[in-house]
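Positions 217 to 337 (the numbering used here) are the ones given, in order, by the first sequence. Glycine is no exception: its CB is placed at the ideal position from the N, C-alpha and C atoms. On a predicted model such as this, the values are computed, not experimentally measured, just so you know.
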Amino acid sequence: MTILVYDVDEGRIRKAKLKDYVEIVKALMQLIPEGRVSTYGSIAKALKINPKLVGKIVKMNDEPVIYPCHRIVKSDGSFGGYSGLGGTIFKKRLLEFEGVKVSKNGKILSEHISDIMDLLC
DNA sequence: CATCGAACCAACC
DNA sequence: GGTTGGTTCGATG
């Protein structure tokens, strides 16, 4: 099952492209409150796409502050990448600043991680 | 727990 | 057609 979108310019239904997913992911990211994170996998599941694509998508995010791509992490609690200024280190510090606690082995405590679908409710 | 490899799907070459 | 991602999941030491 693939996601379809209505393309206003072309005036027809077509399969979603990466640019469309970017818009969706932007909206989803804004649902994640401070001190809480979601995972590439849960977003991938929601959009029916490959988790690796989610990485690519959040990377295309043009407004890193407005759309908090740093609140998306790997499902095992490790941080995943960050292409913005400061890289993964900055991502880590940013999350800790927002109140996310990290265990000694460098993993985010599971209490902070929620499925993106749960945040929709 | 840590590491390994196969598998996911759209873009790009 | 093949490679490439800010990855995942299950299997194995």
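Asked                                                                                                                                            : Found
Return the chain-ordered ranges of every alpha helix (DSSP H) run that is complete within the segment 244-278 and spans a minimum of 4 residues. : 256-263, 267-275
Run through the DSSP bridge pairs and tell me what Arg228 is partnered with.                                                                     : Asp223
Compare the C-alpha of Asp236 against each of Glu279, Gly251, Ile273, Ser319 and name the closest.                                               : Ile273
From the DSSP output, read off the bridge partner residues of Ile329.                                                                            : Val253
Between the Cα of Lys233 and the Cα atoms of Phe313, Gly257, Lys264, Ile282, which residue gives the shortest distance?                          : Lys264
Whose CA, out of Lys268, Val316, Glu250, Leu247, lies closest to the CA of Tyr256?                                                               : Lys268
Is it a yes or a no for the segment 306-318 touching the segment 280-293, going by three-plus beta-carbon pairs under 8 Å?                       : yes
What residue from Arg228, Val253, Leu244, Thr218 has the CA that sits closest to Phe315's CA?                                                    : Checking the sequence, you will find Gly at residue 315 rather than Phe. Selected option, being the one with the closest Cα: Val253.
List the residues that DSSP assigns as beta-bridge partners of Val289.                                                                           : Thr255
Among all the DSSP beta bridges, which residues are the ones paired with Val241?                                                                 : In the DSSP output, where bridge partners are listed per residue, Val241 has none listed.
Determine which residues share a DSSP beta bridge with Val382 and list them.                                                                     : Here the chain covers residues 217 to 337 and nothing more, so residue 382 does not appear.
Report, in whole angstroms, the separation of the C-beta atoms of Lys231 and Leu220, which I expect to be a contact under 8 Å.                   : 6 Å
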